[in-house]
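Protein chains: 2
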Amino acid sequence: MKDVALAAGVSLMTVSRVVNGDRGVSPQTTARVEQAVSRLGYQRNDNASHLRRKAQTTRTIGLVVDDLANPFYATLARAVEDEAYRRGYLVLVSSTNDDPRREREVVLAFSARQVDGLIVVPTAGSHSLLKAQMAQGMPVVCADRPARGLDADTVTVDNRDATRKAVTHLLAHRHRRIAYLGDQRDIWTLRERFAGYQEALRAHGVELDPGLVRHGLRSRAEAAQAVAELMSRQAPPTALFSSNDLITVGAIDGLGAPLPRVALVGFDDFPLADRLPRPVTVVSQDPATIGGTAAQLLFSRIDGYQAPPRSVVLMTRFIARGSGEIPPP
Amino acid sequence: MKDVALAAGVSLMTVSRVVNGDRGVSPQTTARVEQAVSRLGYQRNDNASHLRRKAQTTRTIGLVVDDLANPFYATLARAVEDEAYRRGYLVLVSSTNDDPRREREVVLAFSARQVDGLIVVPTAGSHSLLKAQMAQGMPVVCADRPARGLDADTVTVDNRDATRKAVTHLLAHRHRRIAYLGDQRDIWTLRERFAGYQEALRAHGVELDPGLVRHGLRSRAEAAQAVAELMSRQAPPTALFSSNDLITVGAIDGLGAPLPRVALVGFDDFPLADRLPRPVTVVSQDPATIGGTAAQLLFSRIDGYQAPPRSVVLMTRFIARGSGEIPPP
DNA sequence: TCACGATCCGACAACGATGACGCTGCTCGC
DNA sequence: GCGAGCAGCGTCATCGTTGTCGGATCGTGA
Numbered sequence: 004m005k006d007v008a009l010a011a012g013v014s015l016m017t018v019s020r021v022v023n024g025d026r027g028v029s030p031q032t033t034a035r036v037e038q039a040v041s042r043l044g045y046q047r048n049d050n051a052s053h054l055r056r057k058a059q060t061t062r063t064i065g066l067v068v069d070d071l072a073n074p075f076y077a078t079l080a081r082a083v084e085d086e087a088y089r090r091g092y093l094v095l096v097s098s099t100n101d102d103p104r105r106e107r108e109v110v111l112a113f114s115a116r117q118v119d120g121l122i123v124v125p126t127a128g129s130h131s132l133l134k135a136q137m138a139q140g141m142p143v144v145c146a147d148r149p150a151r152g153l154d155a156d157t158v159t160v161d162n163r164d165a166t167r168k169a170v171t172h173l174l175a176h177r178h179r180r181i182a183y184l185g186d187q188r189d190i191w192t193l194r195e196r197f198a199g200y201q202e203a204l205r206a207h208g209v210e211l212d213p214g215l216v217r218h219g220l221r222s223r224a225e226a227a228q229a230v231a232e233l234m235s236r237q238a239p240p241t242a243l244f245s246s247n248d249l250i251t252v253g254a255i256d257g258l259g260a261p262l263p264r265v266a267l268v269g270f271d272d273f274p275l276a277d278r279l280p281r282p283v284t285v286v287s288q289d290p291a292t293i294g295g296t297a298a299q300l301l302f303s304r305i306d307g308y309q310a311p312p313r314s315v316v317l318m319t320r321f322i323a324r325g326s327g328e329i330p331p332p
Numbered sequence: 004m005k006d007v008a009l010a011a012g013v014s015l016m017t018v019s020r021v022v023n024g025d026r027g028v029s030p031q032t033t034a035r036v037e038q039a040v041s042r043l044g045y046q047r048n049d050n051a052s053h054l055r056r057k058a059q060t061t062r063t064i065g066l067v068v069d070d071l072a073n074p075f076y077a078t079l080a081r082a083v084e085d086e087a088y089r090r091g092y093l094v095l096v097s098s099t100n101d102d103p104r105r106e107r108e109v110v111l112a113f114s115a116r117q118v119d120g121l122i123v124v125p126t127a128g129s130h131s132l133l134k135a136q137m138a139q140g141m142p143v144v145c146a147d148r149p150a151r152g153l154d155a156d157t158v159t160v161d162n163r164d165a166t167r168k169a170v171t172h173l174l175a176h177r178h179r180r181i182a183y184l185g186d187q188r189d190i191w192t193l194r195e196r197f198a199g200y201q202e203a204l205r206a207h208g209v210e211l212d213p214g215l216v217r218h219g220l221r222s223r224a225e226a227a228q229a230v231a232e233l234m235s236r237q238a239p240p241t242a243l244f245s246s247n248d249l250i251t252v253g254a255i256d257g258l259g260a261p262l263p264r265v266a267l268v269g270f271d272d273f274p275l276a277d278r279l280p281r282p283v284t285v286v287s288q289d290p291a292t293i294g295g296t297a298a299q300l301l302f303s304r305i306d307g308y309q310a311p312p313r314s315v316v317l318m319t320r321f322i323a324r325g326s327g328e329i330p331p332p
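Those protein sequences? They're chains A and B, same order as listed.
Per this note's numbering: the first sequence = residues 4 to 332.
Per this note's numbering: the second sequence = residues 4 to 332.
What follows is the structure in structure tokens.
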């Protein structure tokens with residue numbers, strides 16, 4: 004900037020005014036400065052600019068997800084990014100692998116970089132840190148899951164209700180031995196889904212058989228293994244409810260070929276679910292809408308909206324494709 | 004920081020030293036300062052810190068991909084992010100939708116934020132801007148595709164060769180009417196793949212039938228439509244080569260049910276390709292390795308490695324699963 | 001001719017932090 | 001008893017930019 008000022012024969016302040024398009028600079032001077040800018044390839048240092056600017060804002064938000072490689076979070080992230088782009092904001096992204104320690108590090112690093120707000124898919128741990136950040140005025144929005152004990156804007160789906168309906172669907176097809184295939188039980192979404200499973204059974208007077216419940220399935224392979232074990236029981240389940248897309252696919256692996264006569268309903272839709280030998284009945288949620296909504300909530304806070312936290316619950320869609328409509332043998 | 008200094012009864016510089024873990028502060032003073040820090044919830048402003056620091060570095064890199072919601076780029080991004088995390092770097096991410104204008108905006112914005120380096124999946128346009136950035140000392144690595152006319156480190160796969168082998172595989176199964184289903188032709192990877200297709204045909208003395216070539220398929224639906232049209236020709240193709248995962252899936256849609264006797268080989272592996280009614284033969288590439296390698300190249304430059312640009316070509320894997328091994332009628 | 005507002009532009013301080021250097025005491029050796 | 005050396009800490013300048021204020025210049029109308 005100094006070089007530009009020198010080259011154009013003006014002061015730093017005038018360069019600043021030209022670069023920012025402020026009024027009060029004559030067309031001739033503007034032209035001289037602009038020429039110097041392009042000749043020297045000058046670019047403003049936004050960090051320094053934000054440091055001094057009146058509106059203490061960096062036009063950057065932070066996004067913290069479980070795993071960016073997971074299509075669900077990737078889609079959510081893309082929606083956040085688009086919303087940010089429309090407003091001229093940049094996005095810092097990080098995955099946590101559901102590790103509270105990594106979440107902590109990342110949130111601190113983002114906050115030290117002076118992000119204007121955070122969208123977080125909270126890990127299962129405690130959130131005193133997020134609480135502290137909010138107390139210091141950092142806008143925070145939780146996406147996909149609420150953070151335990153944190154009064155923040157939240158965007159989730161009706162996990163429990165959707166699961167209850169899905170399991171009820173299986174019960175209506177006269178299934179009674181319905182297995183539950185769950186991911187880590189300490190994640191909120193999965194607690195909710197399991198609760199929905201329990202409620203559906205209870206509502207139909209079916210006693211929960213602990214032998215048919217598997218938690219903590221962290222991969223496609225683990226899910227396949229669990230299903231293989233379940234199917235080799237003396238009284239195998241006649242239907243499966245799987246609590247996310249990865250587990251649904253693993254369950255299909257575990258059923259093997261030829262496909263036994265077992266009903267299957269999964270949480271999360273996934274590509275090609277409709278093209279498999281037995282098209283899969285699913286509960287579908289829309290990560291793009293979750294991300295977009297979270298971003299809108301965040302920006303409303305950044306723009307100064309003051310009110311008690313809002314909780315947006317998005318509806319899921321039940322899509323019957325065949326695998327969930329198989330009656331028991 | 005001023006408040007902390009006041010509370011601890013020391014100068015700003017001492018607070019700075021304690022916060023940075025510099026030596027030369029007595030244990031008592033350190034304790035007093037640390038107490039004040041935690042009592043006031045003080046966090047250093049990294050942007051201001053980077054402004055003054057000797058090593059003019061922000062410990063932030065920029066990642067510019069085509070579409071973050073695409074699992075391929077999401078996986079690539081995750082690998083970049085992990086490499087960055089291991090080194091204590093943060094990642095700014097943006098999608099371009101293959102729009103050169105948006106790419107330009109994003110690169111400028113990242114550079115104005117003083118990122119220490121850029122990993123870019125270049126759009127099809129010209130790259131004078133990237134060139135200018137590199138000339139000013141910004142380390143740049145191209146991932147997935149090279150940028151036309153840009154001498155930068157590059158990580159790609161053997162697109163042309165892999166396609167030649169895939170099409171040769173079909174030719175070896177006595178196919179002669181092999182359709183090419185292509186994405187936008189101005190993207191480098193797709194030009195390479197089409198070139199590989201042409202080379203394989205030529206090597207086998209098969210004349211290219213322009214009626215069997217479709218470029219510019221941008222979605223699953225468009226691919227399905229194109230395949231439906233191809234199959235209704237008087238002399239329909241006996242085999243299809245599809246140039247990416249999206250198009251492969253669209254092609255399967257377009258073939259309809261029951262599946263006609265048409266061979267299919269696709270570029271890119273995708274989840275469940277092995278579980279479809281007719282398991283799909285594919286050329287598989289590994290986006291995580293592409294991203295990880297790109298990040299390593301970038302950090303070597305950031306660490307001061309000086310040498311002519313390197314071009315890393317990763318191998319693809321041909322996976323025969325059945326759909327590519329069907330002979331012509 | 002002169003007062004006066006408008007326009008254009010520069011000087012100075014400041015944003016939050018660190019680099020360089022210098023000032024205090026204290027210890028130690030001779 | 002005195003200077004050297006060092007640990008501990010503060011002062012000042014500075015990173016690149018912008019907010020504030022005021023000075024210079026000009027045209028205009030009385």
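Yeah, the Cβ is synthetic: ideal placement off N, Cα and C, and Gly gets one too.
- Message: Taking 8 Å as the threshold (beta carbon to beta carbon), is S98/B in contact with chain A?
- Response: Output row for S98/B: interface = yes.
- Task: Give the interface partners of D102/A over in chain B, defined as CB-CB distance under 8 Å, in chain order.
- Result: None at all; the shortest Cβ gap to chain B is about 11 Å.
- Query: By Cβ distance below 6 Å, which residues in the same chain neighbour R47/A in space, the five residues on each side in sequence not counted?
  - Reply: If we look at R47/A and ignore the five residues flanking it on each side, its Cβ neighbours are V22.
- Between the Cα of G128/A and the Cα atoms of A175/A, F302/A and D69/A, which residue gives the shortest distance? For G128/A, the closest alpha carbon among the candidates A175/A, F302/A and D69/A is that of D69/A.
- Query: What is the DSSP secondary structure of D102/B, reduced to helix, strand or coil?
  - Reply: Here D102/B sits in coil by DSSP.
- Considering only C-alpha positions, which residue in the set D49/A, D101/A, L249/A and R90/A is nearest to R148/A? Just measuring C-alpha positions, the residue of D49/A, D101/A, L249/A and R90/A sitting nearest R148/A is D101/A.
- For S114/A and E108/A, the rounded distance between their alpha carbons: Spanning the two alpha carbons is a distance of roughly 10 Å.
- Assess, as a yes-or-no matter, whether the segment 281–300 of chain A is touched by the segment 130–139 of chain A under the definition of 3 or more beta carbon pairs within less than 8 Å. By the Cβ criterion, the segment 130–139 of chain A is not in contact with the segment 281–300 of chain A, since fewer than three pairs of Cβ atoms, one from each stretch, lie closer than 8 Å.
- Counting only runs of 4+ residues fully inside the segment 246–277 of chain B, write out the alpha helix (DSSP H) ranges in chain order. Fully enclosed alpha helix (DSSP H) runs of 4 or longer: 248–258.
- Task: Compare the C-alpha of L204/B against each of D189/B, S52/B, H178/B and W191/B and name the closest.
- Result: Ranking the options by Cα distance to L204/B, first place goes to H178/B.
- Item | Supposed close pair L193/A, S246/A - CB separation, criterion 8 Å | In this structure L193/A touches S246/A by the C-beta definition: roughly 6 Å separates them, less than 8 Å.
- Run of the beta strand (DSSP E) containing L121/A, from where it starts to where it stops: Counting along the chain, the unbroken beta strand (DSSP E) around L121/A starts and ends at G120 to V123.
- Message: With DSSP as the reference, identify every bridge partner of I181/B, one or two as the case may be.
- Response: DSSP lists A242/B as partners of I181/B.
- T292/B (DSSP reduced to helix, strand or coil): T292/B: helix per DSSP, three-state reduction.
- DSSP beta-bridge partners for A146/B? For A146/B, which the question treats as bridged, DSSP gives the partners V158/B.
- Item | Inter-residue Cα distance where the pair is V158/A and V110/A | Cα to Cα, V158/A sits roughly 19 Å from V110/A.
- Task: Report, in whole angstroms, the separation of the C-beta atoms of V123/A and C145/A, which I expect to be a contact under 8 Å.
- Result: 6 Å between Cβ atoms; contact.
- Message: For a quick check, are the C-beta atoms of S98/B and E86/A less than 8 Å apart?
- Response: It is not a contact, given that the beta carbons lie outside the stated cut-off.
- Item | For P311/A and V285/B, the rounded distance between their alpha carbons | Straight-line Cα distance between these residues: approximately 52 Å.
- Task: Answer yes or no: does any C-beta atom of chain A fall closer than 8 Å to that of P125/B?
- Result: Chain A places no beta carbon closer than 8 Å to that of P125/B, leaving this residue out of the contacts.
- Message: Helix, strand or coil, according to DSSP, for I1/B in the structure here?
- Response: Coverage of chain B is limited to positions 4 through 332, which leaves residue 1/B absent and any answer about it impossible.
- Message: I want to know whether the segment 49–67 of chain B touches the segment 87–94 of chain B - three or more CB-CB distances under 8 Å.
- Response: The answer is yes - the segment 87–94 of chain B touches the segment 49–67 of chain B, with three or more Cβ pairs under 8 Å.
- Item | R163/A vs G199/A beta-carbon contact at 8 Å | Taking a C-beta distance under 8 Å as the contact criterion, R163/A and G199/A qualify as a contact pair.
- Just how far apart, CA to CA, sit R42/B and G307/B? Rounded to the nearest whole angstrom, the CA to CA distance from R42/B to G307/B is 40 Å.
- Reduced DSSP secondary structure (H/G/I, E/B, other) of S131/A: Helix at S131/A.
- Message: Suppose you measure from the CA of A169/B to the CA of F321/B; what does that come to, to the nearest Å?
- Response: A straight-line Cα-Cα distance of about 7 Å links A169/B and F321/B.
- Task: Return the first residue and the last residue of the beta strand (DSSP E) that S314/B is part of.
- Result: If you look at S314/B, you'll find it in the beta strand (DSSP E) that goes S314 to L317.
- Taking 7 Å as the line, does the beta carbon of L267/A fall inside it for any heavy atom of the ligand NAP? Among the ligands in the structure shown, none appear at all, so the ligand NAP cannot be discussed.
- Task: To the nearest angstrom, report how far apart A39/A and V143/B are at their CA atoms.
- Result: As the crow flies, the alpha-carbon of A39/A is around 26 Å from that of V143/B.
- Message: Once DSSP output is grouped into helix, strand and coil, what is the label at V68/B?
- Response: Three-state result, V68/B: strand.
- Query: So, do the segment 203–217 of chain A and the segment 263–273 of chain A have three or more beta carbon pairs nearer to each other than 8 Å?
  - Reply: No contact exists between the segment 203–217 of chain A and the segment 263–273 of chain A.
- Task: Quick one: grab the DSSP three-state call for L220/B.
- Result: L220/B: coil per DSSP, three-state reduction.
- When Cβ atoms are compared, which residues of the segment 276–300 of chain A fall closer than 7 Å to chain B? Flagged, chain order: R278, L279 and P280.
- Is it right to say D6/B is buried, meaning 16 or more other beta carbons lie within 10 angstroms of its own, or is it exposed? It counts as exposed.
- Item | Residue-level contact to chain B via CB, Q46/A, 8 Å cutoff | Put simply, the CB of Q46/A is near chain B, with a gap under 8 Å to one of its CB atoms.
- Is T126/A helix, strand or coil by DSSP? In the three-state reduction of the DSSP assignment, T126/A falls in the coil class, being assigned neither a helical nor a strand state.
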